[in-house]
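Asker: Numbered according to the numbering used here, the sequence shown spans residues 9 to 218.
Take a look at this one; I'll ask things after.
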Amino acid sequence: MARKKPAGVEDRIIDATLALVQEQSWRDLTLGHIAEAAGLSLAETVGVFPSKAAILDGFSRRIDKETLKLAAEEDFTGASPRDILFDIIMLGFDAMTPYRSALKALTKDVVQEPLSALSLLSPTFRSLSLMLEAAGIDSSGLKGMLRVRGLAVAWASAFRVWLTDGEDQAKTMAELDKRLRQGENIIRALRQRRENRRARRQNHQEDAAE
């Protein structure tokens with residue numbers, strides 16, 4: 009029978025990591041440092057999170073859970089999926105607010121390390137997929153994948169603003185709204201182009217039949 013993980017161990021490791029990234033670079037930070045800060049042995053630490061990337065994934069899941077919890081407490085009656093998505097993304101930033109200093113330091117380090125940056129893609133796409141689903145927007149299949157990728161561009165732009173924004177998050181909201189509108193315009197243009205192409209093809213077929 010599998011042994012149950014001690015309660016709170018995941019949180020201790022994640023919190024220790026977030027504290028340490030504000031004191032030393034992500035590149036120099038080791039699992040041994042994290043284990044020591046969390047009051048655990050290295051074996052206990054890697055038994056829960058086998059890599060630093062796994063710890064960041066665990067942190068991402070923590071934020072996902074808190075974001076969905078906050079969203080469940082909201083009344084979105086009558087709101088459009090787009091407006092709900094906007095609000096849920098902002099709730100995600102609210103959930104990250106206690107960790108803003110750590111995320112600022114982490115982001116500065118990770119962008120200089122391509123492999124570390126790549127390891128964040130999967131958790132980010134998962135989070136955005138959950139946000140889309142919470143807003144009533146399908147994130148499955150090819151169309152869903154494209155929605156997630158497109159949303160990632162808007163979210164990343166808003167995230168960079170959020171890192172240095174004030175408590176009212178006015179700049180973040182403005183940036184997010186702008187990027188979402190740009191995404192909508194791109195989708196609208198692509199749909200129009202597809203319809204125009206379909207119409208031209210149909211006209212060509214009709215001309216050929218005459």
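Beta carbons: idealized from backbone N, C-alpha and C, even for Gly.
Are there 16 or more other CB atoms within 10 angstroms of the CB of residue 72, so buried, or fewer, so exposed?
Answerer: So residue 72 counts as buried.
Asker: For the alpha helix (DSSP H) holding residue 65, just list the boundary residues, first then last.
Answerer: Here the alpha helix (DSSP H) through residue 65 covers 60-80.
Asker: Which value, in whole angstroms, describes the spacing of the CA atoms of residue 26 and residue 145?
Answerer: Roughly 32 Å between the two C-alpha positions.
Asker: From residue 167 to residue 122, what distance separates their C-alpha atoms?
Answerer: When rounded, the distance between both Cα atoms is 18 Å.
Asker: Taking buried to mean at least 16 other C-beta atoms within 10 Å of its own C-beta, is residue 111 buried or exposed?
Answerer: The residue is buried, with at least 16 neighbouring Cβ atoms inside 10 Å.
Asker: Use the C-beta contact count for residue 31: other C-beta atoms within 10 angstroms, 16 or more gives buried, fewer gives exposed.
Answerer: That one is exposed.
Asker: Have a look at residue 19 and residue 118 and give me their C-alpha separation to the nearest angstrom.
Answerer: If I take the Cα positions, the gap works out to 21 Å.
Asker: Helix, strand or coil for residue 57? Go by DSSP, reduced to three states.
Answerer: DSSP places residue 57 in coil when its eight states are reduced to three.
Asker: Determine the DSSP secondary structure at residue 183, reduced to helix, strand or coil.
Answerer: In the structure shown, residue 183 sits in a helix (DSSP, three-state: H, G or I).
Asker: Are there 16 or more other CB atoms within 10 angstroms of the CB of residue 100, so buried, or fewer, so exposed?
Answerer: Answer is buried; the Cβ neighbour count reaches 16.
Asker: Classify residue 118 as helix, strand or coil using the three-state DSSP reduction.
Answerer: Three-state DSSP puts residue 118 in a helix.
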